[in-house]
Amino acid sequence: MKKIIWIATPLAMLVFIISRSGASKENYEVEFEKYWEDRHDFFKNSAGSPFVQKNVDYKKVEVFPFNSDYRVNAKLDHFTTREIVTLSNSDGTVTNYLKYANAGFKIDGTKQSILVLKAPGFGNRYLTAFGDKTSGETTYSGGRYLDLEIGKSDRIEIDFNKAYNPYCAYFDDFACPLPPRENLLTVAIKAGEKL
Numbered sequence: 000m001k002k003i004i005w006i007a008t009p010l011a012m013l014v015f016i017i018s019r020s021g022a023s024k025e026n027y028e029v030e031f032e033k034y035w036e037d038r039h040d041f042f043k044n045s046a047g048s049p050f051v052q053k054n055v056d057y058k059k060v061e062v063f064p065f066n067s068d069y070r071v072n073a074k075l076d077h078f079t080t081r082e083i084v085t086l087s088n089s090d091g092t093v094t095n096y097l098k099y100a101n102a103g104f105k106i107d108g109t110k111q112s113i114l115v116l117k118a119p120g121f122g123n124r125y126l127t128a129f130g131d132k133t134s135g136e137t138t139y140s141g142g143r144y145l146d147l148e149i150g151k152s153d154r155i156e157i158d159f160n161k162a163y164n165p166y167c168a169y170f171d172d173f174a175c176p177l178p179p180r181e182n183l184l185t186v187a188i189k190a191g192e193k194l
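For the sequence shown, position 181 (counting from the first letter as 1) is numbered 180 according to numbering that gives the first Met the number 0, and the numbering increases by one without interruption.
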């Protein structure tokens, strides 16, 4: 049976990475390097890694060099009604999500926005799948994901340097939500994980 990727994937990886990260206040480029080292270590060694579970050798995936231009401040515009959106998954199935907010920001001098979605019944878990002009070229054609920390403020930081591939970029037996139409950015995001 296919697995819905984003529910278990980021949670297991986040627990693994946080357990290794400690509380030190390193500069951001060091934090960036550590973030990706921990992700690679997770894939190579963790019991929660699909590579380990499937007994497949993990070959380190390349990432774009750190670029502070891809750390942006965004304004959240929350939806006041509980509107449902249906997303297609990589295996042809569909999944329903609640529209949570639009996150508007500027990148490369152009206005962009990402629709932030929430899965009913999964607490404070948000889906932020996006595609951009690198999709299908230097990055996975099915888009990439971001983990957003959303508090009570109407401002959030979006760090595309931490954009990552869903598991279905590596294995066909995962069902990954594809980016909604609203999240197909008109710029090339040369940050985060490559393919």
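We put the beta carbon where it would ideally sit given N, CA and C, even for glycine.
Residue nearest to residue i in terms of C-alpha spacing, selected from the options
i: D90; options: R180, P176 and I155; result: P176
i: K59; options: L86, G142, Y144 and Y169; result: Y169
i: K151; options: K33, K43 and H77; result: H77
i: E181; options: D171, T92, I106 and K98; result: K98
i: I149; options: N54, N123, K110 and E192; result: N123
i: K193; options: P64, F50 and E32; result: P64
i: T137; options: K43, E30 and G191; result: G191
Start-to-end residues for the beta strand (DSSP E) that takes in residue i
i: D193; result: Here residue 193 turns out to be Lys, not Asp, going by the sequence shown. Segment: none, K193 is in no beta strand (DSSP E) and carries neither H nor E.
i: G103; result: V93 to I106
i: I83; result: I83 to S87
i: E73; result: Note that residue 73 corresponds to Ala in the displayed sequence, not to Glu. First-last of the beta strand (DSSP E) with A73: R70 to H77.
Where the alpha helix (DSSP H) containing residue i begins and where it ends
i: K43; result: Y27 to N44
i: F50; result: P49 to Q52
Exposure label - residue i; buried when at least 16 CB within 10 Å
i: A199; result: An answer regarding residue 199 cannot be provided, because it is not within the stretch 0 to 194 covered by the chain.
i: T80; result: exposed
i: Y27; result: exposed
i: S140; result: exposed
i: Q52; result: exposed
i: N160; result: buried
7 Å CB neighbourhood of residue i in its chain, flanking five on each side removed
i: W35; result: V62
i: L147; result: V115, Y125, T127, I155 and I157
i: T133; result: A187, I188 and K189
i: S87; result: V93 and L177
8 Å Cβ shell around residue i - same chain, five flanking residues per side excluded
i: K74; result: A102, G103, F104, D153 and R154
i: N54; result: none
CB-CB length for residue i against residue j, believed under 8 Å
i: R38; j: E156; result: Their Cβ separation, rounded to whole angstroms, is 19 Å, which puts R38 and E156 out of contact at 8 Å.
Contacting residues, own chain, Cβ-Cβ under 6 Å from residue i (five flanking each side not counted)
i: P178; result: A128, F129, G130 and G142
i: L145; result: T127 and A162
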